[in-house]
Each structure stands twice: as C-alpha cells, then as structure tokens.
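Protein chains in written order, with this note's numbering: chain L, 71 to 327; chain F, 71 to 327; chain S, 71 to 327.
By construction, the Cβ of each residue, glycine as well, lies at the ideal position given by its N, Cα and C atoms.
In what follows, a structure is listed as structure tokens, so that the remarks can point back to it.
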Amino acid sequence: MAIVTLLTDSGESDHYVAAIKAKILGINPGIRVEDISHKIKPSDIAHAAFVLKAVFRDFPKGTVHLVGVDSTGNRGDSYIAIQLEDHFFVGCDNGLFGLISDKTHQQLAELNTINSIVTTFPERDIFAPAAVKLASGVSITSLGKPMPSFKKMTDRQVKATKKQITGTVIRVDGMGNLITNIPKAAFDTLSQGKVFTVQFGGEKFRKIHTTYHQAEQGECFIVFNSLALLEIGINRGNAAELLGLGYDSVVNIIFEE
Amino acid sequence: MAIVTLLTDSGESDHYVAAIKAKILGINPGIRVEDISHKIKPSDIAHAAFVLKAVFRDFPKGTVHLVGVDSTGNRGDSYIAIQLEDHFFVGCDNGLFGLISDKTHQQLAELNTINSIVTTFPERDIFAPAAVKLASGVSITSLGKPMPSFKKMTDRQVKATKKQITGTVIRVDGMGNLITNIPKAAFDTLSQGKVFTVQFGGEKFRKIHTTYHQAEQGECFIVFNSLALLEIGINRGNAAELLGLGYDSVVNIIFEE
Amino acid sequence: MAIVTLLTDSGESDHYVAAIKAKILGINPGIRVEDISHKIKPSDIAHAAFVLKAVFRDFPKGTVHLVGVDSTGNRGDSYIAIQLEDHFFVGCDNGLFGLISDKTHQQLAELNTINSIVTTFPERDIFAPAAVKLASGVSITSLGKPMPSFKKMTDRQVKATKKQITGTVIRVDGMGNLITNIPKAAFDTLSQGKVFTVQFGGEKFRKIHTTYHQAEQGECFIVFNSLALLEIGINRGNAAELLGLGYDSVVNIIFEE
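So, in structure tokens, the structure goes:
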C-alpha cells in the first residue's frame, strides 16, 4: 500500500492537517498517511529541510512526501512535483527541496498548469490530489508542465583545510542539543590521528565521544551523531541555553601539526 | 478498510488518546485510526465543531468520527451515535453535533442503553466499541435506543441585508488568522460589483484578496479562504494579537449604494 | 497486519520520531505504526511507565511496543526485548519495564549482542529493526543473548491496614487531575460499608463519587477512575495547582471503627 508522508508547519490545534489527510483518504482510502512532523517553526525552510533530509531515505522507495511549509507562494513560487533519489516530493518551489539532496532530480513538473486552481490552501487543493496520483503510480510528467530545474538555496558550507574545519550549528533540537553541519567523513579524512581541539563559544575540548553517556551528567558531550554530523550537547542539560549558542553559531575543529 | 477518526481535547502527554486507539484496535485490528486533532481547547465545543465541520466531508463516506470533547456528561447529556451526510459520529449530546451540519440526520440512537456502563472514560468504554461496530457495518439502531433528535445550539448567525453583512470571528487559528462566519456565497450575492468597505476593529479596507501573498509582509490580507469564509490575517504576522481581535469579534462589510 | 507502537520522550518538532517510523516502514512497509505518545517528560521513566501500563493490554496480543525513553544507556543499561503478558517490548533496561506488570516475563533477550552496533540513536538503529523482526514473528531468542531477568525498580507501594490506606499521587494528568496508586480493589475489601475520610493536603472528604460530574463546577471530585485507581480532581479546574499537590503527594483513606 502506497505511503504519503506529511510535513507541515501547521501545528495540531487547527483543521489544516486533518483536511489534507481527509482529502487524500477521500480520493483513495487505500493510501497510508504518515506524519513526519507538523511542528516545523512557521515558514522555517531550514528547519523543514533538516527534518526531511534526516528521514526521507529511510522510508520505502516510491514514498510520496507532501511538504506544506511556506507554501503560500509569497514570492510567486511554483508548486512542483519532484522525483529525487527514487522518492517523490510535492510542495512549493521555495528552495526547500534544494537543501535535502545533492543528487540530480529524476523527474520534475510544475503543478497547477493543467487545470489551474486559485486557492489559499494548496496543501489540500493541489498537493493532496497530486500526491494521491503519484502514490497510485501516475507519472510526474502527466501531472503538469515539465520544468528544467527547481530552486536551490546556498546552504552554509563547511570550510575544511588540513589545519581546521569550520562549520555552523544547523539545528538546535528539542532537547537543546546543537547539531552542526560538520560531517564525520571530513573529520576522519583530516584528523588522521592528529591531536585536535574542538572550539565553540568560549569552550575548548580535545575529545570526541562515541556515545552521549561518556559525559557525566551536566558535562558537555561531543559526538558524531546518527546523521554522521558533529553534535554538541550537555548530558541531561540544555546545551543551547547553557552555552549560549544557537542556529548559525560557529564550531571549529583545529588540528595540531 | 474502515476508518475511525479521533477528535479530542485530551492532549498528547497522557494515556487517554492511546487508550481509545488501543481499545479500537484490540477489538478489530483491521480498522484504521486517524487523528483529526487532540489539541482542542479543553471542553471547547465551538473549537471542536469548527475543526470537525471543516474536515469531515472530505473523509470517505461511511467514516466514523469519534469525538471526545466535553464528554463527561456534566449536564446529564446522553451518549449518542448519529448518521449525518453519510458519515457516522459517536460522542456526547452536548450540542457539538448540531453545529457541524444543517442537514437532517439519517439515523440517531442513544448509546449506553442496551448494556449500561458507569464510567469516567466514555471515549474508551462506550464510544470506542460503538465506533468499531459502526465501522464494521452494524446499524445505528442496533446500538441503542432510537432518539427523535439531538441537541442543537444556536450558532452565531450572519446578518445580511442589501446594505451590510455583519459576521463574527468564529476561530482564531494557530497563526493568529481570524476566520469569520461570513460566507463567500452571501458576499457574491450581495456585492454585485458594488463598492464596499470591510470593517473590523478600527480598520477599514476596500478590497478582498484572492491569495495571502497579495498583501505585503506585515500588511493585512482579507480573503475568502479554503472553507469559503471571510478570513483576515497579516502576512507573516499574528492578526489576532496585532489587531487586538479574537473569538466573537464583529466584522462588517458595508456596501455603497 | 502487525502493529508496532511508539512511545518516546522525543517531542514532535525534531526528526527523531519520523526517523524511527521511516526505519520500520523501510524494512517492512506492511507494518502498522501507531503512536502512543511522544510527549513523555524527557527521561521520565515513571511517566512513561504509567502511560504504557495504562494502555498496552488493550492493544491486540502480539503487538510490539517500542519504547524510547531514557534510552541512551547512561548507566550502562542493556537494550532488551521482552515478551510479557503476550505483548512484546523493545527498549532500554532502565527499570521502566519492571513498572508495567507484576507478571513473570515469557521471553527475554539482550539485543545488540549478535551484530554489535555503536550508536547515539538506539531507537532507530537497534530497537526499530528488532521491533520489525518481532512483528514479523521472529522469536525473541533469535534476536540476542538470553538474559535471566530485567531490571525492577521499587514502585511506591500502597500501605493498607484495617484502619487506613495510604497511597501517593503517581501521575498528574494534563488537566491537573491527581491519579493515585490506591486501587479500587483495596478500598472495596477494606471499606465494607464503614464510614471513611479521604485526606490529602489540608482537605477531608467523606464521599467517593462514581462520575466527575457529581461534583459541582469548581468543586473537588474523588472517583475510582477508568484504571480503577483513586483520582482526585476539580470539575473544570486544575486540582494540582488549586490544591498545591503533585507527583508523590500523600493521600490517606481513614476508616472509622
């Protein structure tokens, strides 16, 4: 049975999420609707992209991901359907989808071009019917006008040299842990057994742990997390608050010669 | 596979919602349980009715909607099952169901009359088993004693004349948008190309937009929304807070001769 | 179709819950994933155990319950799979599972012993694959090394004599109701029609209600709730705040001779 996931910034006290779900099931009650999250910070594309990137590949190939974050088309953005890494995505061409993968897309179409609909609720009126079609095996190209490319935003890039890796915090999670964009692969390539210092805020550490609980309660842990990204936290504490760091804060790893 | 939706004011940190779900699946694991919302303001019948009315028709016909909002039977209210517009509803006869449709009900029964149960948790002990039966094709009349009618509350009514439409805010959504009870149909009938003014708080506007993004960031938009109701918001702002309006605030549309 | 439930303290604004769900569906898209709650207070084993104990038996026998609360293995706790009362549980051996049942377990194994995995996210990397296997009918013993027993914590015990029952509040629910560990069965055995006083804080009551609405609005109700436990609340009020009581507060029932 085909799966459609939902990722929105709509919260859960309104009718919006249930309206999308109802629309999908009303068209095809055989589809399985699975929530990714509805607690994305309103219109926060970076937050939504982080969550989607972290999970989409683990769903079965062919899963359709309906994304309703910053979808009002404020900047005249198109509504699109994309096939990317054997997954389908339906949403607004606001730059979000450019942040979740470096791979070239397989198929791409601009929705709402065959039977144009004016709506204040594209998630229900445009994305849901398109998601059902994709989940039912309809090809992207029959959903709308082909497009050559979709919007890419420039993500914060990690700077890596033999002497230093400089990254930034890309997500503060609900427990206050600071997830950076520094990949384990870059560290592994450059460290090569060298002595190193991890610097952030006024703090300096000379060790990266393998699990959270290697730090004592109240102490800082630094790990490569389950996304293979450098993460800084405080065991049973809120690192963002206690260290005064947040989204976009700089984290350095400095290698000694 | 039959669908049972859940709409409660129980929140998500307690066992209540999972207990209802478990009860349903324990009786019939083949049923699909879909959440509408569990973040209804405690005992807020208007909030629950707004959300349910906004979404129920989009679910497949025959869907069973279990409603656990203000269900303790404070005023001696009965527990009921209703068939209405080809959907089934199970809940407390507290006036909520009278707010979701103007249509005449198809079937109606008072639950808890065949094998009476005393319980502090009717959602699990009375509504869930009844919902499973309805979802399995059992008729309403075999669930309890037939009733002639269920409770209707008087909803705020829109007043419409050739000169003016007067409505009220019936829902402030999670983003602070003000949704009124003024239907597009009434406006379309009365406006007929006339010059008009929309008034609320100290504000006056002479235009209704078709999409949110026709207003600049920080500016007011006025649209007929996806429920075909007049909605007032501020692009990327919280209209309720910034305009000082809320539930029950008056909104007028005045037509010039 | 097999059911896997999820109970975590991860909240809903991060990728964690969806990552567990995606992993399960990615391995076997036929499994039904049902949320119990993701709003457990971080690392609060008592909260998680209360919710799980309150609902697990109502799910169909054979359901797999994946529990991700305090799972980082802070104290060197093992990851385990248990069969208990014909249900399966996968999680961390942190004492939680000892709180949900007094029955002897049917099967028990230490996970992560066949192909050891170092991970900061055991819910996704260890629990999810194990849950899928259990849901697919794989025996617990083939998932890891058999263990003789799992960790039991001593729960607050009720003290009951002919003269008095002394219990404590074991959960303050989202509405502020105080749920105690005093079972209806103990009261029924000891009361035998005697006059009694229920004491908590500075309050004394001589009556136990059968439903919430037997108390007037703003008044205290005392009931044996749907878990057959003594519960104290205030009709349309927050008892915890208004009575100044909370988790672990003492409640006495004193019988007169």
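Cα separation between Ile106(S) and Leu122(S)?
Translated into the one-based positions of the third sequence, residue 106(S) becomes position 36. Translated into the one-based positions of the third sequence, residue 122(S) becomes position 52. Roughly 8 Å separates the two Cα atoms.
Just to confirm, are Val134(L) and Ala205(L) a CB contact at a threshold of 8 Å?
On the first sequence, position 64 is the one that residue 134(L) refers to. On the first sequence, position 135 is the one that residue 205(L) refers to. Result yes, Cβ atoms of Val134(L) and Ala205(L) sit closer than 8 Å.
Might you give, ordered along the chain, the residues of its own chain that have their beta carbon closer than 7 Å to the beta carbon of Lys264(L), omitting 5 neighbours on each side?
Translated into positions along the first sequence, residue 264(L) becomes position 194. If we look at Lys264(L) and ignore the five residues flanking it on each side, its Cβ neighbours are Phe325 and Glu326.
Determine whether the beta carbon atoms of Ser141(F) and Leu154(F) lie at a separation below 8 Å.
Start at 1 with the first residue of the second sequence, and residue 141(F) comes out as number 71. Start at 1 with the first residue of the second sequence, and residue 154(F) comes out as number 84. Contact: no.
Could you tell me the boundaries of the beta strand (DSSP E) in which Asn275(S) lies?
The residue you call residue 275(S) lines up with position 205 of the third sequence. Checking the sequence shown, residue 275(S) turns out to be Phe, not Asn. Start and end: Glu273 to Phe275.
Would DSSP call His279(F) helix, strand or coil?
Here residue 279(F) refers to the residue found at position 209 when the second sequence is read from its first residue. Correct three-state label for His279(F): strand.
Distance check for Val268(S) and His117(S), CA to CA, integer angstroms please.
Along the third sequence, read from residue 1 onward, the residue named residue 117(S) stands at position 47. Along the third sequence, read from residue 1 onward, the residue named residue 268(S) stands at position 198. For His117(S) and Val268(S), the distance between alpha carbons rounds to 25 Å.
Our contact map puts Val103(L) next to Lys91(L) with C-beta atoms below 8 Å; I'd like the distance itself, whole angstroms only.
Residue mapping note: residue 103(L) aligns to position 33 of the first sequence, counting from 1. Residue mapping note: residue 91(L) aligns to position 21 of the first sequence, counting from 1. Confirmed, Cβ separation roughly 5 Å.
Which first and last residues belong to the beta strand (DSSP E) in which Gly237(L) is found?
In the first sequence, the residue the question calls residue 237(L) occupies position 167. First-last of the beta strand (DSSP E) with Gly237(L): Gln234 to Val242.
Can you pull the DSSP bridge partners for Val74(L)?
For this step, residue 74(L) is matched to residue 4 along the first sequence. Val103(L) and Val134(L).
Hey, quick one: how far does the beta strand (DSSP E) through Glu180(F) stretch, first residue to last?
By one-based count along the second sequence, residue 180(F) stands at place 110. Note, Glu180(F): beta strand (DSSP E), Gln177 to Glu180.
Apply the 10 Å Cβ neighbour rule to Pro216(S) and answer buried if 16 or more other Cβ atoms are within range, or exposed otherwise.
Within the third sequence, residue 216(S) is the residue found at index 146, counting from 1. Pro216(S) should be labelled exposed.
Please compile the residues from chain S whose C-beta is within a distance smaller than 8 Å of the C-beta of Ile73(L).
The count along the first sequence starts at 1 and reaches residue 73(L) at position 3. Under the 8 Å cutoff, chain S gives Leu95 and Pro99.
On the criterion of 16 or more Cβ atoms from any shown chain inside 10 Å, does Asp84(L) qualify as buried, or is it exposed?
Here residue 84(L) corresponds to residue number 14 of the first sequence, with the count starting at 1. By the 10 Å Cβ count, Asp84(L) comes out buried.
Once the 5 residues before and after Val87(F) are set aside, which same chain residues still bring their CB inside 7 Å of it?
Translated into positions along the second sequence, residue 87(F) becomes position 17. So the qualifying residues of the chain are Leu76, Thr78, Ser80 and His108.
Inspect the beta-carbon positions of Asn247(L) and Gly237(L) and report whether they are closer than 8 Å.
The sequence position of residue 247(L) within the first sequence is 177, counting from 1. The sequence position of residue 237(L) within the first sequence is 167, counting from 1. For Asn247(L) and Gly237(L), no; Cβs fall outside 8 Å.
Once you ignore the five residues that flank Glu289(S) on each side, which residues in its own chain have a CB closer than 8 Å to its CB?
Residue numbering aside, residue 289(S) sits at position 219 when the third sequence is read from its first letter. Ile304 and Asn305.
Using Cβ-Cβ distances below 8 Å, what residues of the segment 183 to 209 of chain L are close to chain F?
Val188, Thr189, Thr190, Phe191, Arg194 and Asp195
Interface residues of chain S around Thr280(L) at Cβ under 7 Å?
Here residue 280(L) refers to the residue found at position 210 of the first sequence. Going along chain S in sequence order, the residues near Thr280(L) (Cβ under 7 Å) are Val188.
Apply the 10 Å Cβ neighbour rule to Met245(L) and answer buried if 16 or more other Cβ atoms are within range, or exposed otherwise.
Counting from one through the first sequence, the residue named residue 245(L) turns up at place 175. By the beta-carbon neighbour count (other beta carbons within 10 angstroms, threshold 16), Met245(L) is buried.
Just by C-beta distance, which residues in the segment 240 to 262 of chain F are closer than 7 Å to chain L?
Asp243, Gly244 and Met245
How many Å lie between Asp318(S) and Gly271(S) at the Cα?
Numbered from 1 along the third sequence, position 248 holds the residue referred to as residue 318(S). Numbered from 1 along the third sequence, position 201 holds the residue referred to as residue 271(S). Approximately 12 Å, taken between the alpha carbons.
Could you pull out every residue in the same chain whose Cβ sits closer than 6 Å to the Cβ of Gly161(L), ignoring the five residues on either side in sequence?
Position 91 of the first sequence, counted from the first residue, corresponds to residue 161(L). Excluding residues within five positions, the ones whose Cβ falls inside 6 Å are Val137.
For Lys229(S), go through chain L and note every residue whose CB falls closer than 8 Å to its CB, in chain order.
Numbered from its first residue, the third sequence carries residue 229(S) at position 159. Near Lys229(S) there are no residues of chain L at all, since even the closest Cβ is about 32 Å away, more than 8 Å.
Under the assumption that Ile152(S) contacts Phe167(S) (Cβ atoms under 8 Å), give the Cβ distance between them as a whole number of angstroms.
For this step, residue 152(S) is matched to residue 82 along the third sequence. For this step, residue 167(S) is matched to residue 97 along the third sequence. Ile152(S) to Phe167(S), Cβ: 6 Å. Contact.
Flag Val320(L) as yes if its beta-carbon sits less than 8 Å from any beta-carbon of chain S, otherwise no.
Here the question's residue 320(L) lines up with position 250 in the first sequence. Chain S, which has no Cβ nearer than 8 Å to the Cβ of Val320(L), makes this no.
Could you tell me which residues DSSP puts in a beta bridge with Ile249(L)?
As a working note, residue 249(L) is residue 179 in the first sequence. DSSP output for Ile249(L) lists Arg241(L) and Glu301(L) as bridge partner(s).
Check the Cβ-Cβ distances between Pro130(S) and every residue of chain F, and say whether any is below 8 Å.
Indexing the third sequence from 1 puts residue 130(S) at position 60. By this cut-off, Pro130(S) is an interface position.
Could you work out which residue in Ala72(L), Ser148(L) and Gly132(L) is closest to Leu218(L) when comparing CA atoms only?
To locate residue 218(L), count along the first sequence from 1; it is residue 148. According to the sequence as given, residue 218(L) is Pro; it is not Leu. Nearest of Ala72(L), Ser148(L) and Gly132(L) to Pro218(L), Cα basis: Ser148(L).
Nearest to Ser212(L) by alpha carbon, out of Val320(L), Thr183(L) and Pro253(L)?
As a working mapping, residue 212(L) is identified with position 142 in the first sequence. It is Thr183(L) whose Cα lies nearest to the Cα of Ser212(L).
Anything in the segment 107 to 137 of chain F with a Cβ closer than 9 Å to a Cβ of chain B? List those residues in chain order, please.
Here the protein chains are L, F and S, and chain B is not one of them.
Hey, Val239(S) and Val293(S): beta-carbon distance below 8 Å or not?
Looking up residue 239(S) in the third sequence gives position 169. Looking up residue 293(S) in the third sequence gives position 223. No, the pair does not count as a contact, with Cβ atoms beyond the cut-off.
Distance, Cα to Cα, Ile73(L) vs Gln177(L)?
Within the first sequence, numbered from 1, the residue matching residue 73(L) stands at position 3. Within the first sequence, numbered from 1, the residue matching residue 177(L) stands at position 107. Between Ile73(L) and Gln177(L), the C-alpha separation is close to 19 Å.
Among Phe257(S), Ala179(S) and Ile150(S), whose alpha-carbon lies nearest the alpha-carbon of Leu300(S)?
As a first step, residue 300(S) is located in the third sequence; it is residue number 230 there, counting from the start. For the residues Phe257(S), Ala179(S) and Ile150(S), the minimum Cα distance to Leu300(S) belongs to Phe257(S).
May I ask you to report which of helix, strand or coil DSSP gives Val228(F)?
Position 158 of the second sequence, counting from 1, holds the residue named residue 228(F). Collapsing the DSSP output to three states places Val228(F) in coil.
Just to check my reading of the structure: Lys221(L) and Gly165(L) have Cβ atoms closer than 8 Å, yes? What is that Cβ distance to the nearest angstrom?
As a working mapping, residue 221(L) is identified with position 151 in the first sequence. As a working mapping, residue 165(L) is identified with position 95 in the first sequence. Right, their Cβ atoms sit about 5 Å apart.
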